[in-house]
Amino acid sequence: MATGRQIIDEVRSQGRTVLTEVESKQLLRQAGIKVIETELATSKEEAIAISQKLGFPVVLKIASADIVHKSDAGGVRLGLATAKEVGEAYQDILGAVKRSYPKAKIQGVAVQKMARPGIEVIIGMSKDDQFGPVLMFGLGGIMVEVLKDVSFRLVPLAKRDAAEMVREIKGYPLLEGYRGQEAADISYLEELLLKVSDFVAQNPEVSELDLNPIFAYRHGALVVDARVILGEAEQ
Ligand code: ADP
Ligand code: MG
24 MATGRQIIDE VRSQGRTVLT EVESKQLLRQ AGIKVIETEL ATSKEEAIAI SQKLGFPVVL
84 KIASADIVHK SDAGGVRLGL ATAKEVGEAY QDILGAVKRS YPKAKIQGVA VQKMARPGIE
144 VIIGMSKDDQ FGPVLMFGLG GIMVEVLKDV SFRLVPLAKR DAAEMVREIK GYPLLEGYRG
204 QEAADISYLE ELLLKVSDFV AQNPEVSELD LNPIFAYRHG ALVVDARVIL GEAEQ
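Take 24 as the starting number for the sequence shown in my numbering and just add one per residue.
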């Protein structure tokens with residue numbers, strides 16, 4: 024398993040600043056953040072072999088540093104239950120992405136386990152010119168896209184910041200379990216925010232981070248999509 028340094032060096036050596044989902048998740052896993060098991064396939068046969076190893080159902084996603092929104096590009100297929108479905112999805116994804124992004128450089132297709140549904144939350148990081156790294160927390164989907172229901176704190180986060188970030192959003196009652204729905208593990212989410220804060224503090228090269236979505240469960244949480252962007256290399 025490559026170290027965080029090796030992953031970043033390899034991305035740099037290819038002249039990139041954007042990590043693919045597979046690379047991003049490897050880096051986060053190194054930092055002790057729980058991500059869904061994900062491996063890169065570069066052929067249909069390999070995608071099937073990885074699926075069989077991980078166990079069905081699986082998810083296939085386009086792996087390209089040039090594609091920000093994989094679903095919009097036709098690059099995500101969920102809930103694949105058999106080797107045949109995986110093989111067909113592999114071809115479909117490559118075909119769809121060739122049409123939507125003819126110039127994108129494709130690293131392959133990421134194969135991952137289908138995660139049990141949870142409450143979708145997101146954690147993001149961007150760098151402010153004056154204040155440096157800022158973490159963002161919110162509920163996934165329309166809550167963040169339409170309602171902009173998010174909270175912010177400067178890195179490094181104190182324990183108390185993490186507790187406040189989770190409770191500040193308007194959607195907080197959803198995390199507590201709304202009308203019989205599964206509640207989220209609030210203290211785990213606080214720990215996750217602190218881990219992400221540590222990761223950002225220890226990796227000043229990282230200029231942007233997007234964990235979207237994270238599935239929050241009654242016990243624990245799991246990152247299912249991740250994107251890390253590095254700052255421009257020093258000359
Ligand atoms: P993008 O944000 O680039 O369009 P995502 O990786 O976030 O692509 O996938 C789109 C959606 O598919 C996610 O918001 C999530 O709801 C679902 N999804 C992605 N990966 C998984 C997975 N491993 N298990 C279950 N659902 C997933
Ligand atoms: Mg996503």
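Note that beta-carbon positions come from the ideal geometry of N, C-alpha and C, so glycine has one too.
For Ala239, the secondary structure class from DSSP, reduced to helix, strand or coil, is strand. Going down the chain, each residue whose beta-carbon is closer than 5 Å to a heavy atom of the ligand MG shows up: Asn235, Asp248.
Shown here for Ser149: same chain residues with a beta carbon closer than 7 Å to its own, the five before and five after excluded, namely Val157, Glu231 in chain order. For Gly38 and Ser47, the gap between their C-alpha atoms comes out near 16 Å. Distance from the Cα of Ala256 is smallest, within the candidate group Ala64, Leu50, Leu162, Thr40, for Thr40. Going by DSSP, Val223 is part of the alpha helix (DSSP H) stretching over 209 to 225.
Using a Cβ-Cβ distance cut-off of 8 Å, the region 106 to 123 and the region 177 to 184 are not in contact, since fewer than three pairs of beta carbons, one from each stretch, lie closer than that value. Non-local beta-carbon contacts of Arg241 in its own chain, meaning distances under 7 Å to residues more than five positions away in sequence, involve Glu205, Ala206, Asp208 in chain order. Using a C-beta cut-off of 8 Å, the region 130 to 142 makes contact with the region 60 to 77, since at least three inter-stretch Cβ pairs fall below that distance. In the three-state reduction of the DSSP assignment, Glu231 falls in the strand class.
For the pair Gly194 and Asp172, the CB atoms are nearer than the 8 Å cut-off.
About 6 Å separates the CB atoms of Ile146 and Phe160; that is less than 8 Å, so the two are in contact. Taking C-alpha positions only, Ala127 is separated from Val91 by approximately 11 Å. Arg122: member of the alpha helix (DSSP H) spanning 106 to 123, first to last residue.
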